[in-house]
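Below is one structure, written out as structure tokens; the observations come after it.
Number of protein chains: 2
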Amino acid sequence: LDREDPHVVELFTPGPVDSPPYIMEALNRPVVHHRSPGFKAVYRDLAAKMKALLETTAPILVLASSGTGAMDAVVSNLFAEGDEVLVPVMGKFSARWVEICGTYGVRPHVIESQPGGSPEPGEIHAALSALPGAKGVLLTHCETSTGSLADLEAVSKSIADLETGGRVILKCADCVSSFCVDELRMEPWGLDAVITASQKGMVSPVGLSFVCLGERARERAGMLPPRNYYLDLRRYLESSEQEWTPFTPAVSIVYAAAQALGRILDIGLEEVWAWYRRAAGAVTLAVEAAGFDALARRQSGAVVAFRVGGLDAEALALRLEREHGIYLARGQGALRGRILRVSPLGKTRRKLAHFSDSLLRAVRGMPGAPEITDSTISDVHAKIENLLKGRDIWE
Amino acid sequence: LDREDPHVVELFTPGPVDSPPYIMEALNRPVVHHRSPGFKAVYRDLAAKMKALLETTAPILVLASSGTGAMDAVVSNLFAEGDEVLVPVMGKFSARWVEICGTYGVRPHVIESQPGGSPEPGEIHAALSALPGAKGVLLTHCETSTGSLADLEAVSKSIADLETGGRVILKCADCVSSFCVDELRMEPWGLDAVITASQKGMVSPVGLSFVCLGERARERAGMLPPRNYYLDLRRYLESSEQEWTPFTPAVSIVYAAAQALGRILDIGLEEVWAWYRRAAGAVTLAVEAAGFDALARRQSGAVVAFRVGGLDAEALALRLEREHGIYLARGQGALRGRILRVSPLGKTRRKLAHFSDSLLRAVRGMPGAPEITDSTISDVHAKIENLLKGRDIWE
């Protein structure tokens with residue numbers, strides 16, 4: 001990596017994101033020791049903010065891991081070998097639930113959506129009705145590989161009537177990329193376990209994941225023997241009562257995350273959700289003007305995936321990177337070479353407009369590209385400026 | 396935590412450490428995407444430096460976790476349920492090996508040293524001779540709770556003669572606090588698995604741990620079924636061949652760690668080891684002048700633990716914190732209230748002299764303290780300046 005390269009490339013990826021300057025400032029604060037009263041105050045502050053934003057009263061557990069560590073912890077702490085669970089699969093990240101189940105001998109029943117789709121409440125209800133022994137459903141809010149947003153509220157509420165005769169179906173949701181981006185309400189929606197991570201809506205560095213276990217999930221965890229050590233959530237639950245973590249946490253990232261959550265509370269969470277709806281809309285405007293289709297039928301604010309049609313996806317991505325300083329995420333698995341993904345996480349109006357201009361200019365002149373005139377570019381630019389007018393939340 | 400407080404407290408703890416400015420600079424670099432060629436270059440650079448410093452040709456696996464995650468990974472990937480292992484316990488961190496074994500049904504045989512002691516090669520040899528089925532020994536290089544340094548070279552070499560008739564005794568070492576601090580040579584000493592973490596000798600933020608598996612350890616891992624998902628080292632081994640990590644890594648901390656390792660290579664690792672021997676010696680001079688005894692019989696450069704005798708440990712620690720801006724680590728478990736711990740990790744000569752002056756001034760006048768004159772303080776100061784003269788490696 002040539003560090004002397006004056007051409008700075010900015011990540012337009014759905015995490016990690018380039019943190020805004022006031023988050024970097026938090027990272028540079030002197031570290032407090034993780035066993036000191038000072039750290040307890042930081043932890044308490046972070047947990048209180050996160051509970052308010054998640055709409056929950058359940059304890060917040062802080063893990064030094066990527067989001068996958070939190071997914072592993074949910075499966076290995078809430079389900080025993082041989083337990084059946086339902087897993088709606090919408091892409092690579094929801095498929096990871098299935099892989100984790102396999103490792104622990106948990107038996108996943110899969111309902112698969114086409115790329116860009118998301119599970120229908122009716123399907124989930126029917127599947128769980130047909131699986132009277134299933135002890136949980138492993139949901140994915142935003143499927144980061146496609147930008148599809150599941151309707152967690154409808155799914156969760158639709159299956160409430162199945163919980164009769166003492167049956168408990170733990171509703172576990174991967175909200176790694178949706179927390180502080182898409183509408184999410186843990187207790188009102190009846191979610192039992194929610195996980196997220198520091199590098200998405202919290203626009204902080206990678207390094208922390210968060211697990212929030214409601215009462216039914218804590219009861220389940222208390223009944224099962226530990227399956228591993230580092231991710232044994234009982235240890236984190238005990239430590240959270242003392243307002244610290246069982247193992248050394250990434251203190252700097254705790255600062256950064258608390259700083260980001262404070263800003264989101266100041267702005268107002270509903271305004272943040274509305275911003276990301278409009279930001280994803282702005283990206284979609286540019287994508288469609290370039291002749292592409294957005295992949296997701298129900299679009300998350302965290303990432304817009306678009307089909308490149310007959311164009312060479314890698315050539316387009318490299319052109320954006322080298323000529324415009326914009327790094328996009330590629331398609332994964334079967335979608336490799338067929339889509340690109342652009343994330344509005346942490347981006348200002350100016351940066352989103354820069355993406356739009358750059359995409360249209362980069363596409364223009366590529367073999368197989370539609371004609372894109374200067375007036376199309378300025379027309380899209382004006383529409384985006386208009387769509388994003390008002391408070392520029394990450395400015 | 397009062398962020399407006401002008402009284403800055405500096406950590407003199409054995410990780411996390413306050414990173415020097417040139418490490419903070421690395422943290423503030425624009426993030427590269429963890430699936431881009433740019434990240435491969437960063438990973439390759441870090442791994443090459445770490446291999447050189449560990450004296451190994453084995454692949455370097457990068458985990459987003461604290462050091463405990465790496466310990467968990469060693470136990471759960473290299474030993475099966477029912478396997479016997481030997482664990483020399485010298486304090487809280489080596490005892491953690493025993494706890495992890497318990498979680499996975501691995502059967503630990505414990506040899507315990509008194510606080511401040513470390514395992515004798517003869518004892519280890521005798522114990523492993525008496526356990527012909529034991530498949531490994533879980534060692535701790537620097538026991539961070541006491542500052543004791545085990546003689547890994549002698550221990551490892553002493554048991555080589557037991558590996559006859561196809562018997563393999565995997566020698567696994569927790570070098571979390573000793574890497575880049577105390578002499579450590581993975582291949583020359585015959586170690587099969589070494590772990591470390593970002594926040595100790597690499598003076599970087601908490602967030603990454605590292606596992607290095609030699610050929611015999613990789614073979615063992617390949618023969619066992621996966622026990623967990625996030626810490627399944629087979630995934631990390633496969634990814635390391637492509638020069639990346641299976642799950643999103645803390646990219647900023649990879650930069651910081653690579654920066655620190657580059658500096659250590661520039662200085663010369665033997666000079667770094669020598670520096671820490673002298674730095675721990677300087678701390679010990681101050682501790683003894685204050686009327687205390689260092690706990691460790693074989694002293695690591697990472698942390699000096701000292702018995703406070705009849706003094707109130709917490710009162711002394713608070714005095715150092717409030718009046719001198721120095722935060723010390725406390726005793727843990729049975730040592731709580733009986734010892735304090737000072738770490739020279741990442742400290743300059745000026746800071747170590749500040750510690751010495753502060754400790755002597757803080758002790759003076761405490762109930763039960765010996766008489767400490769101004770001339771004692773300046774005498775110790777002069778000795779420390781003399782001991783640490785020459786290149787100030789963290790300046």
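Sequence lines, in order, name chains C and G.
FYI, in this note's numbering the residues of the first sequence are 1 to 395.
FYI, in this note's numbering the residues of the second sequence are 396 to 790.
By construction, the Cβ of each residue, glycine as well, lies at the ideal position given by its N, Cα and C atoms.
For clarity, every value in this text was computed on a predicted model and none was experimentally measured.
Closest by CA to residue i, which one among the options?
i         : options                                    : result
Gly696(G) : Glu518(G), Pro600(G), Gly596(G)            : Gly596(G)
Glu633(G) : Val758(G), Pro454(G), Leu660(G)            : Pro454(G)
Val682(G) : Arg756(G), Ala568(G), Glu578(G)            : Arg756(G)
Ala616(G) : Asp546(G), Val469(G), Trp789(G), Pro411(G) : Val469(G)
Asp392(C) : Leu86(C), Met366(C), Gly346(C)             : Gly346(C)
Gly390(C) : Thr348(C), Ser356(C), Glu10(C)             : Thr348(C)
Asp161(C) : Lys351(C), His125(C), Ile100(C)            : His125(C)
Asp266(C) : Asn28(C), Ala26(C), Gly15(C), Leu53(C)     : Leu53(C)
Leu715(G) : His749(G), Phe687(G), Asp688(G)            : His749(G)
Pro16(C)  : Ala48(C), Ile159(C), Val303(C), Asp293(C)  : Val303(C)
Asp293(C) : Gly325(C), Ile339(C), Val251(C), Glu323(C) : Ile339(C)
Leu456(G) : Pro644(G), Arg658(G), Gly763(G)            : Pro644(G)
Thr284(C) : Ala64(C), Ser356(C), Glu314(C), Ile377(C)  : Ser356(C)
Ile564(G) : Ala549(G), Leu586(G), Leu422(G), Met581(G) : Leu586(G)
How many whole angstroms separate the CB atoms of residue i and residue j, which I take to be in contact at a CB cut-off of 8 Å?
i         : j         : result
Ser738(G) : Arg622(G) : Not a contact, Cβ separation roughly 33 Å.
Ser358(C) : Pro205(C) : About 25 Å; that fails the 8 Å criterion.
Met419(G) : Leu656(G) : Not really, about 16 Å apart at Cβ, beyond 8 Å.
Leu799(G) : Gly676(G) : Nothing about residue 799(G) can be reported from this structure: the residues present for chain G run from 396 to 790 only.
Pro14(C)  : Arg341(C) : 7 Å
Val203(C) : Lys171(C) : Going by Cβ atoms, the distance from Val203(C) to Lys171(C) rounds to 27 Å, so no, they are not a contact pair.
Trp791(G) : Ser551(G) : Since the first residue of chain G shown is 396 and the last is 790, residue 791(G) is not available in this structure.
Phe12(C)  : Tyr327(C) : 6 Å
Does any residue of chain C have a CB that is nearer than 8 Å to the CB of residue i?
i         : result
Ile340(G) : In the structure displayed, chain G extends from 396 to 790; residue 340(G) sits before or after that span and is not available.
Ile564(G) : no
Met419(G) : yes
Ile495(G) : yes
His429(G) : yes
Tyr722(G) : yes
Val426(G) : yes
Ser738(G) : no
Gln654(G) : no
Kindly indicate if chain G contains any beta-carbon less than 8 Å away from that of residue i.
i         : result
Arg228(C) : For the record, residue 228(C) in the displayed sequence is Asn; it is not Arg. Asn228(C) counts as touching chain G.
Gly207(C) : yes
Gly69(C)  : yes
Gln242(C) : no
Val8(C)   : yes
Asn386(C) : no
Ala193(C) : no
Phe355(C) : no
Tyr236(C) : no
Leu27(C)  : yes
Thr397(C) : Given that chain C is displayed from residue 1 to residue 395, the structure contains no residue 397(C) and the question cannot be resolved.
Leu231(C) : yes
Determine the direct distance from the alpha carbon of residue j to that of residue i, and round the result to whole angstroms.
i         : j         : result
Trp670(G) : Gly732(G) : 30 Å
Val98(C)  : Arg630(G) : 16 Å
Cys175(C) : Cys142(C) : 7 Å
Tyr479(G) : Ser635(G) : Note on residue identity: the sequence assigns Glu, not Tyr, to residue 479(G). Cα-Cα distance, rounded: 29 Å.
Phe701(G) : Ala465(G) : 28 Å
Ala95(C)  : Gly331(C) : 15 Å
Ala674(G) : Tyr417(G) : 21 Å
Ser178(C) : Pro225(C) : 31 Å
Gly309(C) : Met366(C) : 12 Å
Ala685(G) : Met223(C) : 51 Å
Thr57(C)  : Asp627(G) : 33 Å
Glu518(G) : Ser508(G) : 10 Å
Val181(C) : Arg277(C) : 8 Å
Gly728(G) : Gly486(G) : 9 Å
Phe79(C)  : Thr498(G) : 16 Å
At a threshold of 7 Å, does residue i count as lining the ligand NAD (C-beta to nearest heavy atom)?
i         : result
Thr376(C) : Inclusion of the ligand NAD in the displayed structure is not the case, the ligand content being empty and no account of it being possible.
Touch test, the segment 184 to 195 of chain C against the segment 203 to 217 of chain C, Cβ-Cβ under 8 Å, three pairs minimum: At 8 Å Cβ cutoff, the stretches touch.
Meets three-Cβ-pair contact criterion under 8 Å: the segment 657 to 669 of chain G and the segment 772 to 783 of chain G: Because the criterion of three Cβ pairs below 8 Å is not met, the segment 657 to 669 of chain G and the segment 772 to 783 of chain G do not touch.
Inter-stretch contact at 8 Å, needing at least 3 Cβ pairs: the segment 30 to 44 of chain C / the segment 245 to 256 of chain C: Contact between the segment 30 to 44 of chain C and the segment 245 to 256 of chain C is present, because at least three Cβ pairs lie under 8 Å.
Cβ contact (3+ pairs, closer than 8 Å) linking the segment 21 to 34 of chain C and the segment 252 to 261 of chain C: In this structure the segment 21 to 34 of chain C touches the segment 252 to 261 of chain C; the number of beta carbon pairs closer than 8 Å is three or more.
Contact the segment 131 to 138 of chain C vs the segment 95 to 110 of chain C: 3+ CB pairs below 8 Å: Taking 8 Å as the limit for Cβ pairs, the verdict is that the segment 95 to 110 of chain C does touch the segment 131 to 138 of chain C.
Three CB pairs or more closer than 8 Å across the segment 687 to 696 of chain G and the segment 539 to 553 of chain G: As far as the Cβ criterion goes, the segment 687 to 696 of chain G touches the segment 539 to 553 of chain G, which means the pair count is three or higher.
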